[in-house]
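Report on one structure; see the data block that follows.
In mature numbering (1 follows the signal peptide of the UniProt record, and there is no 0), the protein residues as written are -26 to -1, 1 to 336.
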């Protein structure tokens, strides 16, 4: 194992240890998870699809649900946030996984799909985005938002570009191989929102679920992009942290105005503490913009919220009961150990808000 991969593994251990410390101001994570009870009613099998960023977390969520409710399960297809939203709106699934909340006309379509009842965006976990890379000669890579933006628009095409040398010292004389999501992706949307907010004008392409950089090789899903990076010298991409851990990929340190931070540094509580809520009532849409421009040292600036999109009242009450049971399991016992898989569990104050919403699902 190389030094850079060892750093990724060490970061996971540090991140796990710091998670509880970071959340200490709002209360411990474990008690509400261990003391949870689930009313295991409703249909035996739920169908869902969407976010690949939450796919590794969903495996844990489903196992927790099956343990709490023997005979019950969820079939989840990780086909991207865009597909997950579309399939939910078309009534093909019981809920959708997305790293971007419903927007604009999607709310009206969701209300129609839900038989006239509102749809809600309910966060299930937070996922840090790692800037993953493959450089055999580089143990530690430091990037800032303007430089990342220039790489992902093709303005910087070589690893020995003066901008990268200024940040890192000597760099290999090698072409940069940009890898982006080819599917409709909430991970892409969050990545582009970060660049739009933090790149000091270097990113002018806007955000959205479709990659707008105009350069590089596309691959489907976090699984696809991380696989390309793993097998391609000189490659760089953006991946939910769990995939960097799974593939043992190196992750760049990010320089912000508050200093340089590694994805495994003391960023957990500092990062999430700045998140606000913009949704109304039980529609818990989060405002992640304060994350992108941190002012506190050690706050990691690229984090997404992964939502489950549900009906507040299901046309079929048996489906509503099962969705309610699954989400109760997910936001309680399902949160235990998420930090070991590259996610940030819901801090207790967020968990309480989501729990209130889940209680109202019928």
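Quick reminder that beta carbons are idealized off the backbone N, C-alpha and C, glycines included.
query: Quick one, are the C-beta atoms of residue 95 and residue 265 less than 8 Å apart?; result: no
query: So if DSSP puts residue 102 in a beta bridge, which residue, or which two residues, is it bridged to?; result: 277
query: Expressed to the nearest angstrom, what Euclidean distance is found between the alpha-carbon atoms of residue 74 and residue 49?; result: 21 Å
query: State the Cα-Cα distance for the pair residue 213 and residue 219, rounded to the nearest angstrom.; result: 10 Å
query: When you compare only the Cα positions, how much space is there between residue 304 and residue 117?; result: 35 Å
query: Looking only at its own chain, which residues have a Cβ that is under 7 Å from the Cβ of residue 248, when we skip the five neighbours before and after it?; result: 264, 265
query: Using a Cβ-Cβ cutoff of less than 8 Å, which residues in the same chain neighbour residue 180 once the five nearest sequence positions on both sides are dropped?; result: 166, 170, 186
query: Using the Cα positions of residue 173 and residue 18, report the straight-line distance between them to the nearest angstrom.; result: 47 Å
query: Closer than 7 Å by C-beta to residue 63: which residues in its own chain qualify, once you throw out the five before and the five after it? Chain order, please.; result: 80, 83, 84, 87
query: Would you identify the three-state DSSP class for residue 28, choosing helix, strand or coil?; result: coil
query: Under the assumption that residue 274 contacts residue 102 (Cβ atoms under 8 Å), give the Cβ distance between them as a whole number of angstroms.; result: 6 Å
query: Just mark residue 228 as buried or exposed, buried being the case when its beta carbon has 16 or more other beta carbons within 10 Å.; result: buried
query: Which one of 313, 89, 256, 110 has the shortest CA to CA distance from residue 147?; result: 110
query: Per the contact definition of three or more C-beta pairs closer than 8 Å, is the stretch 189 to 196 in contact with the stretch 135 to 146?; result: no
query: Can you tell me which of the three DSSP states residue 207 falls into?; result: coil
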